[in-house]
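Quick note, the sequence shown lines up with residues 77 to 275 if you use the numbering used here.
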Amino acid sequence: MKRLLKSVIFALTFCFILMLVPFEGQCREISDKVFRVHILANSDSEADQELKLRVRDALVNAGEEILKDVESKEEAERLIEKNIPKLKSIAENVVFQNGYDYPVDLEITNMYFDTRHYGNITMPGGFYDALRVKIGKAEGKNWWCVMFPSLCIYSVSKTETLEENLSDGEYKIISSENEYQYRFKIVEIFTGICNFFKG
(Lines of atoms letter the chains of each structure in order from A and count residues from 1; the text may use other names and numbers.)
(Lines give C-alpha, C1' and ligand atoms only; values in the text may rest on other atoms or scores of the structure.)
Protein backbone atom coordinates (compact mmCIF):
# COMPACT_ATOMS: atom_id res chain seq x y z
CA MET A 1 0.00 0.00 0.00
CA LYS A 2 2.81 2.40 0.94
CA ARG A 3 4.64 1.55 -2.26
CA LEU A 4 1.51 2.28 -4.29
CA LEU A 5 1.00 5.60 -2.50
CA LYS A 6 4.63 6.58 -3.15
CA SER A 7 4.24 5.66 -6.81
CA VAL A 8 1.08 7.79 -7.14
CA ILE A 9 2.76 10.77 -5.41
CA PHE A 10 5.82 10.40 -7.63
CA ALA A 11 3.68 10.19 -10.77
CA LEU A 12 1.63 13.26 -9.80
CA THR A 13 4.79 15.21 -8.96
CA PHE A 14 6.39 14.22 -12.25
CA CYS A 15 3.28 15.26 -14.22
CA PHE A 16 3.16 18.54 -12.32
CA ILE A 17 6.81 19.28 -13.17
CA LEU A 18 6.22 18.44 -16.83
CA MET A 19 3.29 20.89 -16.82
CA LEU A 20 5.26 23.62 -15.04
CA VAL A 21 8.49 23.51 -17.07
CA PRO A 22 7.01 24.84 -20.36
CA PHE A 23 5.18 27.61 -18.46
CA GLU A 24 8.32 28.59 -16.57
CA GLY A 25 10.19 28.65 -19.89
CA GLN A 26 7.58 30.97 -21.40
CA CYS A 27 7.89 33.28 -18.38
CA ARG A 28 11.68 33.41 -18.94
CA GLU A 29 11.12 34.24 -22.61
CA ILE A 30 8.89 37.14 -21.54
CA SER A 31 11.59 38.47 -19.21
CA ASP A 32 14.10 38.29 -22.07
CA LYS A 33 11.95 40.67 -24.14
CA VAL A 34 11.17 43.22 -21.41
CA PHE A 35 13.26 46.05 -19.95
CA ARG A 36 12.12 47.46 -16.62
CA VAL A 37 12.77 50.41 -14.33
CA HIS A 38 13.02 50.21 -10.54
CA ILE A 39 13.15 53.33 -8.37
CA LEU A 40 13.98 53.26 -4.66
CA ALA A 41 13.08 56.22 -2.44
CA ASN A 42 15.46 57.53 0.22
CA SER A 43 13.03 56.46 2.97
CA ASP A 44 9.35 55.77 3.63
CA SER A 45 8.66 59.28 4.88
CA GLU A 46 5.82 61.05 3.06
CA ALA A 47 8.22 63.68 1.70
CA ASP A 48 10.70 61.11 0.37
CA GLN A 49 7.94 59.07 -1.24
CA GLU A 50 6.57 62.20 -2.91
CA LEU A 51 10.07 63.01 -4.16
CA LYS A 52 10.37 59.50 -5.59
CA LEU A 53 7.19 60.04 -7.61
CA ARG A 54 8.49 63.35 -8.97
CA VAL A 55 11.73 61.67 -10.02
CA ARG A 56 9.64 58.91 -11.56
CA ASP A 57 7.58 61.36 -13.63
CA ALA A 58 10.69 63.08 -14.96
CA LEU A 59 12.44 59.82 -15.84
CA VAL A 60 9.34 58.26 -17.43
CA ASN A 61 8.90 61.30 -19.66
CA ALA A 62 12.58 61.26 -20.63
CA GLY A 63 12.49 57.51 -21.20
CA GLU A 64 9.42 57.79 -23.44
CA GLU A 65 11.28 60.29 -25.61
CA ILE A 66 14.50 58.25 -25.76
CA LEU A 67 12.69 55.01 -26.65
CA LYS A 68 9.93 56.38 -28.89
CA ASP A 69 11.16 54.61 -32.06
CA VAL A 70 12.71 51.54 -30.46
CA GLU A 71 11.65 48.10 -31.72
CA SER A 72 13.62 45.68 -29.53
CA LYS A 73 14.58 45.20 -25.91
CA GLU A 74 18.26 45.08 -26.86
CA GLU A 75 18.04 48.45 -28.60
CA ALA A 76 16.11 49.90 -25.63
CA GLU A 77 18.73 48.74 -23.15
CA ARG A 78 21.55 50.08 -25.32
CA LEU A 79 19.92 53.51 -25.60
CA ILE A 80 19.14 53.73 -21.90
CA GLU A 81 22.74 52.79 -21.05
CA LYS A 82 24.01 55.44 -23.47
CA ASN A 83 21.72 58.04 -21.86
CA ILE A 84 22.43 57.23 -18.19
CA PRO A 85 24.38 60.51 -17.69
CA LYS A 86 21.42 62.46 -19.08
CA LEU A 87 18.88 60.54 -16.99
CA LYS A 88 21.03 60.92 -13.88
CA SER A 89 21.21 64.67 -14.45
CA ILE A 90 17.42 64.86 -14.86
CA ALA A 91 16.85 62.93 -11.62
CA GLU A 92 19.41 65.00 -9.70
CA ASN A 93 17.79 68.25 -10.90
CA VAL A 94 14.41 67.09 -9.60
CA VAL A 95 15.97 66.21 -6.23
CA PHE A 96 17.81 69.52 -5.92
CA GLN A 97 14.86 71.60 -7.14
CA ASN A 98 12.78 70.08 -4.35
CA GLY A 99 15.28 71.17 -1.72
CA TYR A 100 17.21 67.94 -1.12
CA ASP A 101 20.86 67.06 -1.55
CA TYR A 102 20.42 63.30 -1.89
CA PRO A 103 22.79 61.58 -4.31
CA VAL A 104 21.16 59.70 -7.16
CA ASP A 105 22.65 56.50 -8.55
CA LEU A 106 21.57 54.86 -11.81
CA GLU A 107 22.69 51.51 -13.16
CA ILE A 108 21.53 48.81 -15.49
CA THR A 109 21.31 45.53 -13.67
CA ASN A 110 19.67 42.13 -13.83
CA MET A 111 17.42 41.78 -10.83
CA TYR A 112 14.58 39.69 -9.49
CA PHE A 113 11.00 40.97 -9.55
CA ASP A 114 8.05 39.28 -7.88
CA THR A 115 4.92 38.80 -9.96
CA ARG A 116 3.58 42.33 -10.48
CA HIS A 117 0.25 43.64 -11.74
CA TYR A 118 -0.19 46.71 -13.91
CA GLY A 119 -3.74 47.42 -15.00
CA ASN A 120 -4.91 44.22 -16.69
CA ILE A 121 -1.33 43.11 -17.35
CA THR A 122 0.56 40.71 -15.06
CA MET A 123 4.33 40.45 -15.32
CA PRO A 124 5.52 37.03 -14.09
CA GLY A 125 8.12 36.85 -11.35
CA GLY A 126 11.68 36.33 -12.51
CA PHE A 127 14.95 38.02 -13.39
CA TYR A 128 14.72 41.05 -15.67
CA ASP A 129 17.22 43.56 -17.02
CA ALA A 130 16.30 46.90 -15.50
CA LEU A 131 17.36 50.47 -14.92
CA ARG A 132 17.72 50.74 -11.15
CA VAL A 133 17.49 54.22 -9.66
CA LYS A 134 18.57 54.78 -6.06
CA ILE A 135 17.67 58.03 -4.36
CA GLY A 136 19.75 58.86 -1.27
CA LYS A 137 19.97 55.85 1.07
CA ALA A 138 17.47 53.93 -1.11
CA GLU A 139 15.77 52.49 1.98
CA GLY A 140 12.18 53.41 1.09
CA LYS A 141 9.39 51.72 -0.80
CA ASN A 142 10.11 51.15 -4.47
CA TRP A 143 8.27 51.91 -7.68
CA TRP A 144 8.58 49.79 -10.79
CA CYS A 145 7.39 49.81 -14.35
CA VAL A 146 8.11 48.37 -17.79
CA MET A 147 10.19 50.77 -19.89
CA PHE A 148 10.15 48.56 -22.96
CA PRO A 149 7.64 47.80 -24.28
CA SER A 150 6.44 50.86 -22.39
CA LEU A 151 3.69 50.39 -19.82
CA CYS A 152 4.70 53.32 -17.60
CA ILE A 153 1.98 55.47 -19.12
CA TYR A 154 -0.88 53.01 -19.30
CA SER A 155 -3.19 53.09 -22.32
CA VAL A 156 -4.69 50.82 -24.96
CA SER A 157 -1.89 51.76 -27.38
CA LYS A 158 0.72 50.64 -24.81
CA THR A 159 -0.84 47.19 -24.44
CA GLU A 160 -0.93 46.93 -28.24
CA THR A 161 2.81 47.72 -28.34
CA LEU A 162 3.43 45.04 -25.73
CA GLU A 163 1.35 42.55 -27.69
CA GLU A 164 3.42 43.26 -30.84
CA ASN A 165 6.65 42.33 -29.04
CA LEU A 166 5.47 39.04 -27.55
CA SER A 167 4.25 35.80 -29.07
CA ASP A 168 0.54 35.00 -28.83
CA GLY A 169 1.23 32.49 -26.05
CA GLU A 170 3.39 34.95 -24.08
CA TYR A 171 0.84 37.74 -24.37
CA LYS A 172 -1.93 35.40 -23.25
CA ILE A 173 0.07 34.62 -20.11
CA ILE A 174 0.48 38.24 -19.05
CA SER A 175 -3.06 39.33 -19.98
CA SER A 176 -4.99 36.39 -18.44
CA GLU A 177 -4.25 36.83 -14.73
CA ASN A 178 -7.04 34.62 -13.35
CA GLU A 179 -6.11 31.71 -15.59
CA TYR A 180 -2.45 31.68 -14.54
CA GLN A 181 -2.31 33.20 -11.04
CA TYR A 182 -1.50 29.90 -9.31
CA ARG A 183 1.18 29.06 -11.86
CA PHE A 184 2.75 32.52 -11.35
CA LYS A 185 3.06 31.77 -7.64
CA ILE A 186 4.50 28.31 -8.24
CA VAL A 187 7.06 29.73 -10.70
CA GLU A 188 8.11 32.24 -8.00
CA ILE A 189 8.63 29.40 -5.52
CA PHE A 190 10.41 27.26 -8.12
CA THR A 191 12.73 30.14 -9.07
CA GLY A 192 13.44 30.88 -5.42
CA ILE A 193 14.44 27.25 -4.76
CA CYS A 194 16.70 27.20 -7.84
CA ASN A 195 18.40 30.44 -6.76
CA PHE A 196 18.90 29.09 -3.24
CA PHE A 197 20.78 26.06 -4.55
CA LYS A 198 22.77 28.24 -6.97
CA GLY A 199 23.95 30.24 -3.92
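Built from N, CA and C at the ideal position, the CB exists for glycine as well.
| Asked | Found |
| --- | --- |
| Of the choices 151, 116 and 161, whose alpha-carbon is the least far from that of residue 178? | 116 |
| Could you check if residue 175 is buried or exposed, using at least 16 other CB atoms within 10 Å of its CB as the buried criterion? | exposed |
| In the DSSP assignment, what are the bridge partners of residue 130? | DSSP lists no partner for residue 130. |
| Can the beta-carbon of residue 206 be found closer than 8 Å to that of residue 170? | no |
| Give the single residue among 104, 102, 111 and 127 whose Cα lies nearest to the Cα of residue 225. | 111 |
| Nearest to residue 149 by CA position, among 223, 227 and 165, is which residue? | 223 |
| Mapping the DSSP letters down to three states, classify residue 181 as helix, strand or coil. | strand |
| Starting from the C-beta of residue 119, find all residues in its chain whose C-beta is less than 7 Å away, skip the five residues before and the five after it, and write them out in chain order. | 213, 215 and 216 |
| Check residue 107 in the structure and name its three-state DSSP category. | helix |
| When DSSP labels each residue in this structure, what does residue 171 get in the three-state scheme? | helix |
| Whose C-alpha, out of 108, 109 and 131, is nearest the C-alpha of residue 219? | 131 |
| Does the stretch 156-172 come into contact with the stretch 134-146, if we say contact requires no fewer than three beta-carbon pairs (one atom in each stretch) closer than 8 Å? | yes |
| Measure the alpha-carbon distance for residue 221 versus residue 227 and round it to whole angstroms. | 7 Å |
| For residue 209, which three-state DSSP category applies? | strand |
| Which residue wins for smallest C-alpha separation from residue 210, given the options 181, 185 and 204? | 181 |
| What does a CB cutoff of less than 7 Å around residue 121 pick up in its chain, not counting 5 residues either side in sequence? | none |
| According to DSSP, is residue 222 part of a helix, a strand, or is it coil? | strand |
| Which first and last residues belong to the beta strand (DSSP E) in which residue 194 is found? | 192-194 |
| With distances taken between CB atoms, is the gap from residue 185 to residue 154 smaller than 8 Å? | no |
| Just tell me which of 204, 105 and 197 has its CA closest to the CA of residue 189. | 204 |
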